[in-house]
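Just so you know, the sequences run in chain order A and B. Heads up: the first sequence runs through residues 1 to 183, numbered per UniProt numbering. Heads up: the second sequence runs through residues 1 to 183, numbered per UniProt numbering. We treat Cβ as the ideally placed atom computed from N, Cα and C, and that holds for glycine.
Protein chains: 2
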Amino acid sequence: MAVDREHLLRSAAALLTRKSTATMDEVAKAAGISRATLHRQFAGRDVLVRALEDLGIQECEAALDAARLDEDTAGEAVRRLVREFEDAAGLLAFLYTENQLFEGEEQNAGWARIDARIAALFRRGQESGEFRIDLTPAWLTEALFGLCASGAWAVTEGRVAAKDFHYMIVELLLGGALRRDES
Amino acid sequence: MAVDREHLLRSAAALLTRKSTATMDEVAKAAGISRATLHRQFAGRDVLVRALEDLGIQECEAALDAARLDEDTAGEAVRRLVREFEDAAGLLAFLYTENQLFEGEEQNAGWARIDARIAALFRRGQESGEFRIDLTPAWLTEALFGLCASGAWAVTEGRVAAKDFHYMIVELLLGGALRRDES
DNA sequence: CCCACATGAGACACTGATGTCTCATGTGGG
DNA sequence: CCCACATGAGACATCAGTGTCTCATGTGGG
Numbered sequence: 001m002a003v004d005r006e007h008l009l010r011s012a013a014a015l016l017t018r019k020s021t022a023t024m025d026e027v028a029k030a031a032g033i034s035r036a037t038l039h040r041q042f043a044g045r046d047v048l049v050r051a052l053e054d055l056g057i058q059e060c061e062a063a064l065d066a067a068r069l070d071e072d073t074a075g076e077a078v079r080r081l082v083r084e085f086e087d088a089a090g091l092l093a094f095l096y097t098e099n100q101l102f103e104g105e106e107q108n109a110g111w112a113r114i115d116a117r118i119a120a121l122f123r124r125g126q127e128s129g130e131f132r133i134d135l136t137p138a139w140l141t142e143a144l145f146g147l148c149a150s151g152a153w154a155v156t157e158g159r160v161a162a163k164d165f166h167y168m169i170v171e172l173l174l175g176g177a178l179r180r181d182e183s
Numbered sequence: 001m002a003v004d005r006e007h008l009l010r011s012a013a014a015l016l017t018r019k020s021t022a023t024m025d026e027v028a029k030a031a032g033i034s035r036a037t038l039h040r041q042f043a044g045r046d047v048l049v050r051a052l053e054d055l056g057i058q059e060c061e062a063a064l065d066a067a068r069l070d071e072d073t074a075g076e077a078v079r080r081l082v083r084e085f086e087d088a089a090g091l092l093a094f095l096y097t098e099n100q101l102f103e104g105e106e107q108n109a110g111w112a113r114i115d116a117r118i119a120a121l122f123r124r125g126q127e128s129g130e131f132r133i134d135l136t137p138a139w140l141t142e143a144l145f146g147l148c149a150s151g152a153w154a155v156t157e158g159r160v161a162a163k164d165f166h167y168m169i170v171e172l173l174l175g176g177a178l179r180r181d182e183s
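And the structure:
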């Protein structure tokens with residue numbers, strides 16, 4: 001009887017990831033419910049997007065926790081983080097562009113927290129001498145999100161195999177395109 | 001008298017880069033013309049976006065030409081390419097997300113040409129032993145665009161200094177975050 | 001068994017953006 | 001100087017999406 005709100009959010013996320021301009025009607029149909037019921041759960045499109053944003057933040061923070069950013073080398077922590085991000089990458093990509101849509105508007109404080117935690121990871125790697133210091137933690141954080149989004153799109157469009165998602169992102173982010181002479 | 005179509009396109013690109021949901025009215029105002037005149041130039045929003053896409057493709061190909069991808073090492077060519085891309089990065093970022101907006105729809109053939117040229121550059125680097133071979137040219141191409149878009153947004157939001165745009169992208173793309181033990 | 005309650009279907013008004021049209025204006029070229 | 005033509009301003013219809021409402025239905029719990 002009661003609508004499965006969790007399932008509803010997941011299905012909306014899945015649809016909007018593929019087609020970010022989907023209407024409330026399409027979102028409802030995708031979830032197998034009527035527009036009226038959808039509207040009873042989320043008073044409007046913006047409310048739905050906010051809920052998805054909260055979901056995304058929640059998943060991000062769960063990924064950050066699961067990745068245990070303080071353990072091992074920073075590089076290993078980054079590898080774990082990208083792996084944990086993989087499931088949420090589609091949703092992340094949607095929210096990433098959604099955030100570009102509004103100029104000025106203050107963003108959810110959750111992102112700032114998440115940014116700070118990831119930036120701290122890169123800073124740790126720099127302080128330990130593992131990462132280069134000429135790329136700012138803020139940029140590396142931005143690049144991490146950007147590459148995850150690009151990777152998610154590349155996978156949905158078939159330009160990259162889904163199984164390679166993690167490898168391609170981590171290797172590029174950490175090692176770059178140049179061949180390592182040593183190692 | 002006659003509207004400067006070139007200037008009109010530029011101003012539309014600049015506005016839509018900042019606010020991709022801008023209305024035709026806003027686009028017209030930003031260009032300092034009336035909505036009626038804008039409509040005489042571009043029969044509809046989709047026509048305008050197509051024109052911007054053509055402009056973006058044109059600038060991309062100009063950048064590819066200017067970067068002389070066949071000369072020097074592939075790494076140097078990539079550096080030149082990113083530098084040439086810098087001016088168009090905002091427009092590129094807009095078009096990059098605009099392309100994600102439509103599922104299925106066939107995309108402008110120009111992008112395929114551009115993708116092919118950039119992928120060929122990465123392939124050249126791999127064949128010369130300069131680039132690692134475990135990252136596919138398709139992915140490196142995708143990542144190049146993704147990083148340019150991320151960089152453009154990071155700059156407009158003040159998270160990265162404009163003067164660092166080129167350095168941050170090239171260094172991350174080529175060298176990655178890890179410190180090089182040698183060199 | 002029966003009632004309460006959530007749902008589905010659909011009607012309805014409202015809004016914002018769009019596309020089209022008209023008309024007055026003013027400027028540039030002949 | 002004068003006319004042609006492009007422009008600006010605005011009215012207008014249209015359309016898609018949204019938000020609200022009503023009502024019939026059917027299912028689950030008491």
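Per DSSP, which residues does residue i bridge with? Please list them.
i              : result
residue 184(A) : There is simply no residue 184(A) to check, as chain A begins at 1 and stops at 183 in what is shown.
Assuming residue i and residue j form a contact by the criterion Cβ under 8 Å, report the distance between their Cβ atoms to the nearest whole angstrom.
i              : j              : result
residue 52(A)  : residue 31(A)  : About 13 Å separates the two Cβ atoms, so there is no contact after all.
residue 64(B)  : residue 117(B) : 5 Å
residue 109(B) : residue 160(A) : Rounded, the Cβ-Cβ distance is 21 Å, inconsistent with contact.
residue 112(A) : residue 84(A)  : Going by Cβ atoms, the distance from residue 112(A) to residue 84(A) rounds to 20 Å, so no, they are not a contact pair.
residue 3(A)   : residue 41(A)  : 6 Å
residue 121(A) : residue 78(A)  : 7 Å
residue 89(A)  : residue 151(A) : 6 Å
residue 132(A) : residue 179(B) : 5 Å
residue 149(B) : residue 96(B)  : 5 Å
residue 75(B)  : residue 125(B) : 7 Å
residue 20(B)  : residue 100(A) : 7 Å
Find the nearest neighbour of residue i within the set the options, judged by alpha-carbon distance.
i              : options                        : result
residue 130(B) : 174(B), 118(B), 90(B), 4(B)    : 174(B)
residue 94(A)  : 4(A), 22(A), 167(A)            : 22(A)
residue 192(B) : 78(A), 102(A), 74(A), 84(A)    : For chain B, the structure presents residues 1 to 183; residue 192(B) sits outside this window and is missing.
residue 143(A) : 168(B), 134(B), 13(B), 74(B)   : 168(B)
residue 61(A)  : 179(A), 92(A), 39(A), 28(A)    : 92(A)
residue 140(B) : 25(A), 50(A), 165(A), 134(A)   : 165(A)
residue 25(A)  : 34(A), 136(A), 98(A)           : 34(A)
residue 69(B)  : 123(B), 158(B), 147(B), 99(B)  : 123(B)
residue 115(B) : 136(B), 87(B), 153(B), 132(B)  : 136(B)
residue 17(B)  : 82(B), 176(B), 98(B)           : 98(B)
residue 46(B)  : 12(B), 72(B), 75(B), 178(B)    : 12(B)
residue 177(A) : 5(B), 37(B), 134(B), 86(B)     : 134(B)
residue 56(B)  : 179(B), 156(B), 145(B), 125(B) : 145(B)
residue 128(A) : 72(A), 37(A), 20(A)            : 72(A)
residue 54(A)  : 28(A), 82(A), 172(A), 10(A)    : 10(A)
residue 82(A)  : 28(A), 181(A), 147(A)          : 147(A)
residue 156(A) : 86(A), 29(A), 28(A), 27(A)     : 86(A)
At which residues does the alpha helix (DSSP H) containing residue i begin and terminate?
i              : result
residue 99(A)  : 89-100
residue 48(A)  : 45-67
residue 29(A)  : 24-31
residue 199(B) : There is no way to answer for residue 199(B), as the model of chain B reaches only from 1 to 183.
residue 37(B)  : 35-41
residue 82(B)  : 74-85
residue 17(B)  : 5-18
Contact list for the region 81-101 of chain B against chain A, Cβ threshold 7 Å = 97, 100, 101
Chain-ordered residues of the region 155-173 of chain A with a beta carbon less than 7 Å from chain B = 159, 160, 168, 171, 172, 173
Residues in the UniProt DNA-binding region "H-T-H motif" (23-42) of chain A having any Cβ partner in chain B nearer than 9 Å = none
Cβ-based contacts, 8 Å cut-off: residues of the region 135-148 of chain A near chain B = 135, 136, 138, 139, 140, 142, 143, 145, 146, 147
Check distances from the C-beta atoms of the region 120-131 of chain B to those of chain A and list, in chain order, the residues that come in under 8 Å.
-> 122, 125, 129, 130, 131
Scan the region 50-84 of chain B for residues whose Cβ lies nearer than 8 Å to a Cβ of chain A and list them as they occur along the chain.
-> 75, 78
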